[in-house]
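See below for the structure under consideration.
In our numbering, the protein residues as written are 2 to 149.
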């Protein structure tokens with residue numbers, strides 16, 4: 002079975018934040034559980050959007066929804082490990098793109114995980130996907146565009 006490989010351009014990371022692995026994030030194998038990593042990725046995404054003044058819903062019915070998530074694990078993390086989440090964006094298309102994550106442990110420089118979260122803009126009032134708003138796109142002028 003082919004393994005998933007995630008590799009992202011260095012110049013597309015726009016934000017970083019630290020999160021600490023809690024005791025409650027540890028699974029039966031005594032390391033950070035997949036479900037907790039997904040929650041931490043969601044928190045890093047929310048912090049990234051907030052930092053750039055992007056609300057997950059704009060009060061007019063338009064919001065960002067996650068369409069997919071891919072994660073590759075490279076090292077274990079344990080309770081009280083402080084993790085650095087570097088967050089970027091890439092592959093914008095008409096309706097959305099990808100938010101990327103590189104998760105490392107600064108204490109020893111270990112790469113813990115890489116992740117990609119697809120997103121689209123969605124009009125909740127009309128229940129349909131809508132084009133990326135220009136103010137959002139303008140915040141990230143270096144992001145590549147995917148046609149199709």
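Beta carbons: idealized from backbone N, C-alpha and C, even for Gly.
{"Check": "With the cut-off set at 7 Å, would you say residue 71 and residue 20 are in Cβ contact?", "Outcome": "no"}
{"Check": "Just tell me which of 59, 95, 112 has its CA closest to the CA of residue 85.", "Outcome": "112"}
{"Check": "Counting pairs of Cβ atoms below 8 Å between the region 21-29 and the region 90-105, do you hit three or more?", "Outcome": "no"}
{"Check": "When DSSP labels each residue in this structure, what does residue 82 get in the three-state scheme?", "Outcome": "coil"}
{"Check": "Is the distance from the Cβ of residue 66 to the Cβ of residue 123 below 7 Å?", "Outcome": "yes"}
{"Check": "Verify the contact flag: residue 44, CB atom, against every heavy atom of the ligand ATP, threshold strictly below 6 Å.", "Outcome": "Judged by which ligands are present, the structure shown has none, so any question about the ligand ATP falls away."}
{"Check": "Assuming contact is defined by CB atoms lying nearer than 7 Å, are residue 126 and residue 64 in contact in what I supplied?", "Outcome": "no"}
{"Check": "Put residue 24 into one of helix, strand or coil per three-state DSSP.", "Outcome": "helix"}
{"Check": "Taking a contact to mean a Cβ-Cβ separation below 7 Å, would you say residue 68 touches residue 121 in this structure?", "Outcome": "yes"}
{"Check": "Less than 6 Å between C-beta atoms, sequence neighbours within five positions excluded: which residues of the same chain meet that for residue 141?", "Outcome": "90"}
{"Check": "Just mark residue 81 as buried or exposed, buried being the case when its beta carbon has 16 or more other beta carbons within 10 Å.", "Outcome": "exposed"}
{"Check": "From the DSSP output, in three-state form, read off residue 108 for me.", "Outcome": "coil"}
{"Check": "Please report the straight-line C-alpha distance between residue 14 and residue 76, rounded to a whole angstrom.", "Outcome": "21 Å"}
{"Check": "Less than 8 Å between C-beta atoms, sequence neighbours within five positions excluded: which residues of the same chain meet that for residue 8?", "Outcome": "115"}
{"Check": "Under three-state DSSP, which class holds residue 124?", "Outcome": "strand"}
{"Check": "DSSP beta-bridge partners for residue 33?", "Outcome": "27"}
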